[in-house]
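Below: one structure, written as structure tokens.
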Amino acid sequence: MDKKQIKPALVTIGPVTVIMVLLIALPLIYVAVMSFCSIDEYYNVTFDFTLENYMRLFNADYLKIYAQSLGIAFITTVLCILIGYPFSYIIARTKSRRKKVLYMLVIIPFWTNSLIRIYGWRTFLGNSGWLNGILTALGIVSEPVDFLYKSGTTIVGMVYCLIPFMILPLYTAIEKLDDSLLEASQDLGAKPVNTFFEVILPLTMSGIFSGSLMVFIPCLGYFFVSDILGGGNTDMIGNLIERQFQSGNNWPLGAALSIILIIVTLLLVKVYQKMGGDMDALGV
Amino acid sequence: MTLAGCGSKTGSTETGSSINVFIWTEYVSDAAIEAFEEESGIKVNVSTYSSNEDLMAKLKSETEGTYDVILPSDYAVEYLISQDKLMELDKDKLTNLSNISSAYLDPSYDPGNVYSVPYEGGVACIAVNTSKVDMEITSYDDLFNPSLEGQIVVLDDYRAVIGMTERSMGLSMNESDADKLAEVEEKLLTLKDNIKLYDSDSPKSALISGDCSVGMIWSAEVALSMEENPDIEIVYPKEGAYVFMDNWAIPTGSTHYDEAMEFINFMLSAEAAQMNVSDFPYLCPNEAGLELMGEEYVANTAKNVPSEVIENGEFISNLDTDTMAIYDEMWTKLKE
Amino acid sequence: MKRKRRIKRNKILGVGFCALVYLFLFLPISVIVANSFNATTTKPYMSWKGFTLDWYVKLWENTSLLEAFGTTMIIAVVSTLLATVIGTLGAIGMYKYKFKGKGLIDGLLYIPVVIPEIVLGISLLTIFSKAGIPRGMITLILAHVTFCIPFVIFNVRARLAGYDISIEEASMDLGANRLTTFFEITLPVLMPGIMGGALLAFTLSIDDVIISYFVNGQTKTYPLKIMESVKSGVAPDVNALSTLILIGTILFVVLTQGDLFKKSSKESGKEETKYEKKKHGKKVFVGNAFSNTVYDARRMWFEDWQYGNR
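Protein chains in written order, with our numbering: chain A, 60 to 343; chain B, 276 to 611; chain C, 4 to 313.
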């Protein structure tokens, strides 16, 4: 580096480096170190090396919770694709001038605090909630139906919180589609189904992939959704971490859980990267 | 905004100092706190927690001096004393301590009330919505009945739920024998299908709204839900209930000791006790406050928990880390 | 004929489907708005007891809620300013200079975007606790600045991608000093990216629950206050405040985006010449920036990151 450049380089890169090192790198290293620490009889962290935290986390029960978390995240992602894809397709292919408005309408609900929106679902789905009120008034049911506090309710909440992350990248990918390609496919006599699977879907796959990653990963950590709508019955990895840092009072165990979550995240990102690479080869 | 807020309240008083009070959710009357602010000119910043474990975790992770007054339960007081986390209370300043019934003074977890003074207490008991539940429920053990599938709200508190299971098996809530705990776990997991909701903060809500028809919850929550829904009844489990007593204390490092003492002394007054008990009808050790509440309150067995229930019940005590790990594992399995 | 009928049927199905999705998206919002007019006074404030405007009056007496809202605003403004300045400088520096460890910083920037927020929350909690920094306003601002910076950098970086560094050299050759060049040449070009990043940082900051939950100490932000009230039943005054905020944001969008509704999105953005940009004035780019909300922008960074790794 040129001597004259050192000062401006320091001024520009210095602050961001300090923050990233002190508040991202250092804390994560500390969490990694802590995950190998023990606790004394008063639950204080002591720096005695142990593998016990990880051993505890690799028994069948914890594995079941990871599997359940991944399962819920997976179902959430699939539902987001199934709902989000046709929806984004229709919105993005609209010729209407209101396209931008339709797009904004997806975003506007998300400017209201997420917790209170989740709570809105609770008010709606509860035993004396609106939905049951409507159903009983219409005579469809005589007794209120239990909608709340099931793993299904957690999934509804997750889909609700995360679906914009799916819709928006899909919208962008679909909007980029070239009309002439679709027409060419039709002119060549392809059925709509074939056009979809052989032209549209491959061209919009990148949107599906980035949407999926953006739905899947946060889903693993949104502990408040399963708390509020799942009634505490469907713990996710996020709930386990939260518990160890709050009431469970076992920070090293929580740290080990966080490290596992980081590893899962990085693996998913790697998979995504791999798929992104494939997309490259396909010429997208 | 902040300045305007307290400026109007402090009025004539000198400094406008403030204290940070860390208490249970749904436990101390807003009216009582406002009355204290008015009388003393001290602003009270309230934060809340949902379990003793939350409190202990926060006290550990926050720097000293973050909180000036806390409200730990019996076993948490014992733990905090062992950790040198509490300051001694200057009895000369607690002129209202004489309001507290001697039956609740000098407890085993803090002999001589050196560090803490009792606030309110109660039991974890059972609430039953009789219009929805056919079976007769008289014990913790009845909650394990498969016919109650998906109907119960329990406290989101592992000592309470595991302790209840232990009581139902005739064991202590503080059992530490690994073999016995294996049996406890087996029974505990049979409760899984019956539990619909875990909620420590406002379990009455689910009972009132009809989302749950049975609850294993704090006694005052039952009392409050009975006011909203007359079909709800309170059941004191025949095995003997989980008993608790919550206490005012000052954590070490508090920089507002005098103001904190003033606050605690105010809370021990008969008027404050009356306000608190009116809003949160737990067992009230404050005799002067009880007198103000009148006959009706004293006669209400859901609010003024009968003394034999307390005598039959059991306090929780601290567990060693190995036993805690077993409890934690059980809880994880139950909630997965 | 048959085909036409089928197309028509498909169209109706499509519109119906979209309507259902919008219903899903707006359902809880309508519950919130409706409940702000609910005359119920007993917890958990769920059943309908008639129409009232009382809660909009009572809201102004709920000082702790208003204080929390004020706190959130202060934190959001301060951390947005800091994150925008630090992030913009960082993006420019990383674009202009090659240095050791650049890859590392780049990698660190992706962490807050990719890992679940709870991990960032607990790691900041442990380090603050270890360093003995009392939790409160300061730690909240530090945390918010930390997770906002990458979002600013990626936004500015997208703008830098089309930036020809030689105009800076030309400016210096003509005798302008470094600062003048920065303010006269670099900054105006990057402005849309910077504004986009700043608005995004602001949006992220005011809605953050998970990270704030771990580092707040005694300080209550508005989302944390809501979290507390969710436990015991959200009082309708909280709904009233949420409704007011919602109306405020919608008004803001309509005012700033008004003329954008008339154009398709493709026309705006990079193709505009400098002259056109001047003509449209601030209105356009604030509007543009605003549509770059968190979701939009996150997608951008994922793509950015993907290309970066290729």
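In this text, a Cβ means the ideal position worked out from N, Cα and C, and glycines have one as well.
Query	Result
Any beta carbon of chain A sitting closer than 8 Å to that of R181 of chain C?	yes
Short of 7 Å in beta carbon distance, which residues of its chain neighbour P393 of chain B, apart from the five on each side in sequence? Order them along the chain.	I375, Y379, M520, N522, P560
Given a cut-off of 8 Å, decide if S484 of chain B and S187 of chain A are closer than it, judged by their beta-carbon atoms.	yes
Mark S336 of chain B as exposed unless 16 or more other C-beta atoms lie within 10 angstroms of its C-beta, in which case mark it buried.	buried
Hey, could you find the ends of the alpha helix (DSSP H) T323 of chain B is sitting in?	Premise fails: T323 of chain B lies in the beta strand (DSSP E), 318-324, not in any alpha helix (DSSP H).
Decide yes or no for the touch test of the region 147-167 of chain C against the region 72-87 of chain C: beta carbon pairs closer than 8 Å, at least 3 of them.	yes
Suppose contacts are defined by Cβ-Cβ distances below 8 Å. Is L341 of chain B in contact with S325 of chain B by that definition?	Before going further, note that residue 341 of chain B is Thr rather than Leu in the sequence given. For T341 of chain B and S325 of chain B, no; Cβs fall outside 8 Å.
What are the start and end residues of the alpha helix (DSSP H) that includes E460 of chain B?	453-465
Starting from the Cα of E172 of chain C, find the closest Cα among C:I89, C:I125, C:A164, C:E187 and give me that residue.	C:E187
Considering Cα atoms alone, identify which of A:R156, A:L69, A:T213 is closest to I134 of chain A.	A:T213
Answer with yes or no whether the minimum CB distance from R138 of chain C to chain B is below 8 Å.	yes
When you compare only the Cα positions, how much space is there between T405 of chain B and I412 of chain B?	10 Å
If we ignore side chains and look at the alpha-carbon of each, how far apart do Y390 of chain B and V321 of chain B end up?	21 Å
Only counting runs of 3 or more residues, tell me where the beta strand (DSSP E) segments fall wholly within the region 497-521 of chain B, in order along the chain.	507-510
Between the C-alpha atoms of I209 of chain C and M175 of chain C, what's the straight-line distance to the nearest angstrom?	40 Å
So T300 of chain B contacts chain C; which residues on that side make the cut at Cβ distance below 7 Å?	K234, S235
If you draw a straight line from the alpha carbon of L116 of chain A to that of A132 of chain A, how long is it in whole angstroms?	20 Å
Using the three-state DSSP reduction, which class does M568 of chain B fall into: helix, strand or coil?	helix
Terminal residues of the continuous alpha helix (DSSP H) containing C220 of chain A?	210-234
For S582 of chain B, is the classification buried or exposed, using 16 other Cβ atoms within 10 angstroms of its Cβ as the cut-off for buried?	exposed
Taking P505 of chain B as the reference, give the member of B:L364, B:E562, B:A577 with the closest Cα.	B:A577
Would you say the beta carbon of P560 of chain B is closer than 7 Å to some non-hydrogen atom of the ligand ZN?	With respect to the ligand ZN, the structure shown offers nothing to examine, as it has no ligands at all.
In chain A, which residues lie with their C-beta within 7 Å of the C-beta of Y415 of chain B?	Those do not exist, as Y415 of chain B stays about 19 Å from chain A at its closest Cβ, beyond 7 Å.
With 16 as the cutoff for other CB atoms within 10 Å, does D595 of chain B come out buried or exposed?	exposed
Measuring CA to CA, which of B:S488, B:N469, B:E461, B:N540 is closest to P421 of chain B?	B:N469
Just checking, does the region 271-282 of chain A make contact with the region 111-122 of chain C on the three C-beta pairs under 8 Å criterion?	yes
Using a Cβ cut-off of 8 Å, which residues of the region 206-222 of chain A contact any Cβ in chain C, in chain order?	Y219, I222
Which residue comes first and which comes last in the alpha helix (DSSP H) that contains E312 of chain B?	305-315
Just to confirm, are S414 of chain B and P512 of chain B a CB contact at a threshold of 8 Å?	yes
Can you tell me whether E279 of chain C is helix, strand or coil according to DSSP?	Note on E279 of chain C: pLDDT 39, under 50, position unreliable in the model; no value is reported.
Using a Cβ-Cβ cutoff of 8 Å, what residues of the region 338-355 of chain B are near chain C? List them in chain order.	T338, G340, T341, Y342
Distance check for Y101 of chain A and K608 of chain B, CA to CA, integer angstroms please.	24 Å
Should the region 217-232 of chain C be regarded as contacting the region 123-130 of chain C, the criterion being three or more beta carbon pairs within less than 8 Å?	yes
Give the residues from the region 365-393 of chain B that approach chain C closer than 9 Å (Cβ to any Cβ), ordered along the chain.	none
Give a yes or no on whether the minimum CB-CB distance between T530 of chain B and chain C is below 8 Å.	no
Does the beta carbon of Q305 of chain A sit closer than 8 Å to a beta carbon anywhere in chain B?	yes
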